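Number of protein chains: 2
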Amino acid sequence: MNGTHRATVTTSRDEAEIRRLMVEQEAGMKAHDAERLVARYAPDAVVFDLAPPLAYRAPELLDPDGVRNWFAGFERSVDYEIRDLTVTAGEDVAFCHSLHRLSATPRGTTDRFDLWFRVTTGMRKVDGAWRVTHEHKSTPFYMDGSFKAAIDLRP
Amino acid sequence: MNGTHRATVTTSRDEAEIRRLMVEQEAGMKAHDAERLVARYAPDAVVFDLAPPLAYRAPELLDPDGVRNWFAGFERSVDYEIRDLTVTAGEDVAFCHSLHRLSATPRGTTDRFDLWFRVTTGMRKVDGAWRVTHEHKSTPFYMDGSFKAAIDLRP
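Listed in order, the protein sequences are those of chains A and B. Under the numbering used here, the first residue of the first sequence is numbered 1, with each subsequent residue one higher. Under the numbering used here, the first residue of the second sequence is numbered 156, with each subsequent residue one higher.
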């Protein structure tokens, strides 16, 4: 289910640039490259992340030190995979949804985990270049009274 | 922070229709109107919901009986509120992000809860009418080892 809904005025160049922005995330995570990861965002981006609070914005969102601190919590070799990417693209507005896998080992442990989560990415073309203006990452949670995040799901 | 990023070709009629689709959700929830809620979705919509699995699609997504069963789990008078709606709209592709509050009382209890969660909505104009083709609802979860959904956050 890797698909594209192409609006009337979308060019293949737009589509390639949109997909490249998603691959940047995968590549930046694998390379532990904080600058590369924050460079995807427009200055006014709003991100709903896996961890609280409800929303992240600049300046925190655009600070590579925050990402570096996050990487420092893991042993080397974070792995990252994007699956089922579906792109809906117009002339200057686009959104994607996909399933992402983060595999990592918390520092000081040997407990490697695989976490699958859902990602929705909103993009705008700003001065001719596509940038991420919104991102929403999440797991669902169990409604069995435990209110536990569903971190054991597989696509 | 109720804003609109208007792409060059967006009309105020498009914007009004996009906002109407969000109000439909609020109104449909307050009215316990299952048909009204499922009518917002395009046939190929993909929804990342608060509860597992990772994704919902037709036919399950478009079945008003599923929504009716969900309402049946609560005492009368579900309340619903949408806050901080930000719309990014192009000619035929748009996305919104917002914070939603669901207040309800599980049937057979007096334990009324207020749950705030994040919502991202993707829309396409299909045959001249805006429809929801993607929706992502979530809470973050606590990364303190508990993996509990963060159901106590307030905007």
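Ideal Cβ placement from N, Cα and C applies to all residues, glycine included. Remember, it's a predicted structure, so these values are computed and weren't measured experimentally.
Quiz item: Bridge partners of H187 of chain B, per DSSP?
Solution: Working through the second sequence from its first residue, we reach residue 187 of chain B at position 32. Bridge partners of H187 of chain B: none, in fact.
Quiz item: How far does the beta strand (DSSP E) with F250 of chain B in it reach, from first residue to last?
Solution: Start at 1 with the first residue of the second sequence, and residue 250 of chain B comes out as number 95. F250 of chain B -> beta strand (DSSP E) spans V248 to A259.
Quiz item: So which residues of chain A does A279 of chain B contact, with C-beta pairs closer than 9 Å?
Solution: As a first step, residue 279 of chain B must be located in the second sequence, where it is residue number 124. Residue identity check: residue 279 of chain B is Arg in the sequence provided, not Ala. By Cβ distance, chain A contributes H5, A7, T88 and G90.
Practice problem: Give the interface partners of W116 of chain A over in chain B, defined as CB-CB distance under 8 Å, in chain order. | Solution: Numbered from 1 along the first sequence, position 116 holds the residue referred to as residue 116 of chain A. Within 8 Å Cβ-Cβ: L209.
Self-check item: Residues bridged to W271 of chain B [DSSP beta-bridge criterion]
Solution: Mapped onto the second sequence, residue 271 of chain B falls at position 116. Note: W271 of chain B sits in a beta bridge opposite B:R256.
Quiz item: What span of residues does the alpha helix (DSSP H) with D144 of chain A cover, start to end?
Solution: Locating residue 144 of chain A in the first sequence gives position 144, counting from the first residue. Run containing D144 of chain A: none; DSSP gives neither H nor E here.
Quiz prompt | Same chain only: Cβ atoms within 6 Å of F95 of chain A, ignoring 5 sequence neighbours per side | solution = As a first step, residue 95 of chain A must be located in the first sequence, where it is residue number 95. Same-chain partners within the cutoff: T88 and G122.
Quiz item: Are the CB atoms of P64 of chain A and A34 of chain A nearer to each other than 8 Å?
Solution: If you number the first sequence from 1, residue 64 of chain A lands on position 64. If you number the first sequence from 1, residue 34 of chain A lands on position 34. Taking 8 Å as the Cβ cut-off, P64 of chain A and A34 of chain A qualify as a contacting pair.
Quiz prompt | Candidates A:I151, A:V132 and A:Y142, of which the one nearest R36 of chain A by Cα | solution = Taking the first sequence and counting its residues from 1, one reaches residue 36 of chain A at position 36. Checked all of A:I151, A:V132 and A:Y142; the closest Cα to R36 of chain A is A:V132.
Quiz prompt | Within 8 Å, strictly: CB atoms of D84 of chain A and L99 of chain A | solution = Indexing the first sequence from 1 puts residue 84 of chain A at position 84. Indexing the first sequence from 1 puts residue 99 of chain A at position 99. Yes, the Cβ-Cβ distance between D84 of chain A and L99 of chain A is below 8 Å.
Quiz item: Which residues does DSSP pair with T241 of chain B in a beta bridge?
Solution: Numbered from its first residue, the second sequence carries residue 241 of chain B at position 86. Beta-bridge pairing links T241 of chain B to B:G158 and B:H252.
Quiz item: Does the separation of the CB atoms of Y235 of chain B and R256 of chain B fall below 8 Å?
Solution: Residue mapping note: residue 235 of chain B aligns to position 80 of the second sequence, counting from 1. Residue mapping note: residue 256 of chain B aligns to position 101 of the second sequence, counting from 1. For Y235 of chain B and R256 of chain B, yes; Cβs fall inside 8 Å.
Practice problem: Over the uninterrupted beta strand (DSSP E) stretch that includes A129 of chain A, give me the two end residues. | Solution: Residue numbering aside, residue 129 of chain A sits at position 129 when the first sequence is read from its first letter. Element bounds for A129 of chain A: A129 to S138.
Quiz item: DSSP three-state call for P198 of chain B: helix, strand or coil?
Solution: In the second sequence, residue 198 of chain B corresponds to position 43, counting from 1. Three-state DSSP puts P198 of chain B in a strand.
Exercise. For P295 of chain B, count neighbouring Cβ atoms within 10 angstroms of its own Cβ and tell me buried if that reaches 16, exposed if not.
Key: Position 140 of the second sequence, counting from 1, holds the residue named residue 295 of chain B. Its Cβ being crowded by 16 or more others within 10 Å, P295 of chain B is buried.
Quiz item: In angstroms, rounded to a whole number, what distance separates the CA positions of A200 of chain B and V193 of chain B?
Solution: Here residue 200 of chain B refers to the residue found at position 45 of the second sequence. Here residue 193 of chain B refers to the residue found at position 38 of the second sequence. Straight-line Cα distance between these residues: approximately 11 Å.
Quiz prompt | Rounded separation between L270 of chain B and K303 of chain B - CA only | solution = On the second sequence, position 115 is the one that residue 270 of chain B refers to. On the second sequence, position 148 is the one that residue 303 of chain B refers to. The alpha-carbon atoms of L270 of chain B and K303 of chain B are separated by roughly 14 Å.
Exercise. Would you please state the rounded distance, in angstroms, between the beta carbons of R273 of chain B and H136 of chain A? I believe it to be under 8 Å.
Key: By one-based count along the second sequence, residue 273 of chain B stands at place 118. By one-based count along the first sequence, residue 136 of chain A stands at place 136. Indeed they touch by this definition, with Cβ atoms about 6 Å apart.
Practice problem: Flag A305 of chain B as yes if its beta-carbon sits less than 8 Å from any beta-carbon of chain A, otherwise no. | Solution: Along the second sequence, read from residue 1 onward, the residue named residue 305 of chain B stands at position 150. At least one chain A Cβ lies under 8 Å of A305 of chain B.
Exercise. Enumerate in chain order the residues of its own chain whose CB-to-CB distance from E179 of chain B is below 6 Å, with the five nearest sequence positions on each side excluded.
Key: The sequence position of residue 179 of chain B within the second sequence is 24, counting from 1. R195, listed in sequence order.
Self-check item: Which of helix, strand or coil DSSP assigns to D14 of chain A
Solution: Your numbering for residue 14 of chain A matches position 14 in the first sequence. The answer is helix: DSSP assigns D14 of chain A an H, G or I state.
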